[in-house]
Amino acid sequence: MSVELTILTGLIALLALVGVIRPAMLFEYPVAGSMLMWFFLLPQAWRIESVGELNDFEPSLTWGYMILCMVMTAVGFWAGGIRATVTGRNDLAELRNKYDLNKLLVGAVVLVIVGGIAQILLSREVATMQVGEAFTGAVAFYVMISALLIYGASLGWLLYLYTRDKRALALALIGLAVTVPTILFAARRELSFTVVSIIFLGIWLVKKKSISRFLLIPLVFLGAVLINEAGAIRGYIARENSTLVGALSADELNDTSRSKNNYDEMASGISDIAITSWSDEYTFFSPYYNTLIQLYVPAFILGHDIKDGLKIKEDNNDEEYYNKYFANGATRTGFSDSFQAFHYFGCLVFFGISYFMGRLWKRANSGDILSQLYYMILLASGLKVFTESTSIFVGVLPLLFGSTYVIFRYARRPKIATAGNVTPHTPRRRVS
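Here the sequence shown is numbered in my numbering, starting from 76 and rising by one per residue.
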């Protein structure tokens with residue numbers, strides 16, 4: 076194993092070990108990201124270097140860049156926590172003084188209803204599609220809006236943990252229950268982690284109760300299996316008309332989701348970084364801008380020509396060479412797209428995202444319910460920064476901020492001036 080990969084392995088192992096030793100820190104962004112990389116990306120890296128299946132490229136460039144990104148992730152989270160301003164631990168009384176909790180519950184209900192309607196429309200659209208048919212603009216729009224279902228369920232869960240209001244618990248259960256068929260029959264990794272993190276993060280942030288190690292070990296094991304065998308599990312479910320439980324208990328899974336060369340996320344990332352370094356052509360901010368256009372400009376309303384016209388055209392003369400090392404079902408990794416955008420300065424993207432997550436984590440631990448909601452929802456998207464792309468994280472922010480701002484603005488109580496803050500009126504003296 077090369078020196079660079081050894082250093083990368085040690086760095087990730089050190090961060091991941093923190094979550095095992097102190098389960099209360101498991102959901103801190105750098106720790107959760109390192110756990111994911113230990114079970115998912117690092118085994119791919121070890122195999123690539125030992126087998127030498129990418130003889131066209133030298134992976135040391137990628138290992139060095141990943142080391143830099145992981146260091147910036149850890150430093151950014153630490154710096155964000157230091158810079159976050161908190162005013163002591165907020166409790167239920169403070170929460171009631173700040174927000175009308177009944178209005179917050181109404182807002183959560185609205186989110187669940189709107190997200191549920193989008194989920195129903197999405198199911199109808201998908202049911203009419205032919206096998207292999209590309210998603211339409213309407214389907215993409217419904218997928219995005221259906222995320223409001225998770226937002227509402229998360230807010231309902233937080234309200235229940237604070238108030239023990241059974242209406243909030245029922246809302247949270249309804250919202251999360253809708254995800255069960257998708258998890259069981261489609262084996263969606265991100266959705267599975269999102270549900271688990273919402274439940275346990277809420278308990279930690281409100282009740283300060285961390286996951287027991289006896290529960291942590293089997294959850295990590297199941298997560299590792301689901302992460303690495305997602306393609307095989309989905310194939311088994313489709314062939315055998317089974318569920319996630321049946322696939323996990325099967326004697327053998329045949330993975331047909333990858334190409335014969337078994338190029339995976341790390342192989343794609345290594346090739347992308349190497350080709351970008353050779354060509355010296357960078358995309359800068361265009362992937363982030365195009366992601367926002369892709370998500371928030373509905374082609375089924377405005378038309379594909381208008382939507383495509385709004386996007387920045389990316390010249391990719393090496394597309395055929397890129398795709399040579401890319402398999403169906405694999406993703407490019409956030410290391411790849413950040414390097415393609417800004418070369419080594421792409422590590423600052425990891426710093427910025429982690430800095431933002433660090434501020435949220437500090438404020439969430441102080442009892443700020445809005446920060447708690449944001450962190451619970453964004454953690455799964457934040458982990459996709461490592462495995463898929465950094466632009467995905469940027470893409471979810473407008474919907475999250477826009478939908479929750481309206482609700483919390485609606486529920487916020489007017490500030491009441493205290494005696495110490497009131498300036499007594501001094502009558503004007505008549506000038507003779």
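Backbone N, C-alpha and C fix where the C-beta goes; we use that ideal spot for every residue, glycine too.
Check: Simplified DSSP assignment, three categories, for R488; Outcome: coil
Check: Presumed contact (8 Å Cβ cut-off) between L111 and F461, rounded CB distance; Outcome: 6 Å
Check: Helix, strand or coil at Y357 according to DSSP, with G and I counted as helix; Outcome: coil
Check: Exposure of D355, with buried meaning 16 or more beta-carbon neighbours within 10 Å; Outcome: exposed
Check: Cβ-Cβ distance between A193 and Y226 below 8 Å; Outcome: no
Check: Contact under 8 Å by Cβ, L167 with Y237; Outcome: yes
Check: R171, enclosing alpha helix (DSSP H) - first and last residue; Outcome: 167–173
Check: Residue burial classification, N172 (beta-carbon count within 10 angstroms, cutoff 16); Outcome: exposed
Check: Start-end ranges of the alpha helix (DSSP H) lying completely within the stretch 236–282, minimum 4 residues; Outcome: 241–252, 255–261, 264–277
Check: Local conformation of K178 per DSSP, three classes; Outcome: helix
Check: Validate contact between the stretch 115–129 and the stretch 439–451 using beta carbons, cut 8 Å, 3 pairs; Outcome: no
Check: Meets three-Cβ-pair contact criterion under 8 Å: the stretch 446–455 and the stretch 176–192; Outcome: no
Check: Whole-angstrom distance between A213 and A201, CA atom to CA atom; Outcome: Residue identity check: residue 201 is Val in the sequence provided, not Ala. Straight-line Cα distance between these residues: approximately 10 Å.
Check: Residue burial classification, Y140 (beta-carbon count within 10 angstroms, cutoff 16); Outcome: buried
Check: Distance between S77 and S125 (C-alpha atoms, nearest Å); Outcome: 10 Å
Check: Limits of the alpha helix (DSSP H) - the one that L377 falls within; Outcome: 374–377
Check: Other residues of its chain near Y235: CB distance less than 7 Å, five sequence neighbours each side excluded; Outcome: A243, L244, A247
Check: Where D383 falls, given that 16 or more other Cβ within 10 Å makes a residue buried; Outcome: exposed
Check: Cβ-based burial, F375 [other Cβ within 10 Å; buried from 16]; Outcome: exposed
Check: Beta-carbon separation (whole angstroms), T148 vs F410, contact threshold 8 Å; Outcome: At roughly 11 Å, the Cβ-Cβ gap does not stay under 8 Å, so T148 and F410 are not in contact.
Check: Environment of I96 [buried if 16+ CB atoms lie within 10 Å]; Outcome: exposed
Check: First and last residue of the uninterrupted alpha helix (DSSP H) at A99; Outcome: Counting along the chain, A99 falls outside any alpha helix (DSSP H), and DSSP gives it neither H nor E.
Check: For A159, three-class secondary structure by DSSP; Outcome: coil
Check: Proximity winner among T254, G250, W232, relative to L276 (alpha-carbon distances); Outcome: W232
Check: Assigned secondary structure, G409 (DSSP; H/G/I helix, E/B strand, else coil); Outcome: helix
Check: Length of the line joining the Cα atoms of C422 and A349; Outcome: 16 Å
Check: Spatially closest choice to G156 from T408, F476, F426, by CA coordinates; Outcome: F426
Check: Short Cβ contact (8 Å threshold) for L280 with A439; Outcome: yes
Check: Where S478 falls, given that 16 or more other Cβ within 10 Å makes a residue buried; Outcome: buried
Check: For Y363 and H418, believed in contact at Cβ under 8 Å, the rounded distance; Outcome: Rounded, the Cβ-Cβ distance is 16 Å, inconsistent with contact.
Check: T61, buried or exposed, once every other Cβ within 10 Å from all chains shown has been counted against 16; Outcome: The structure shown has nothing for residue 61, since the chain only spans 76 to 507.
Check: A183 versus I142, S229, S456, G457, residue with shortest Cα-Cα distance; Outcome: S229
Check: First and last residue of the uninterrupted alpha helix (DSSP H) at S429; Outcome: 422–440
Check: For T462, the first and last residue of its enclosing alpha helix (DSSP H); Outcome: 444–462
Check: Whole-angstrom C-beta distance between Y430 and G151, which should lie under 8 Å; Outcome: 4 Å
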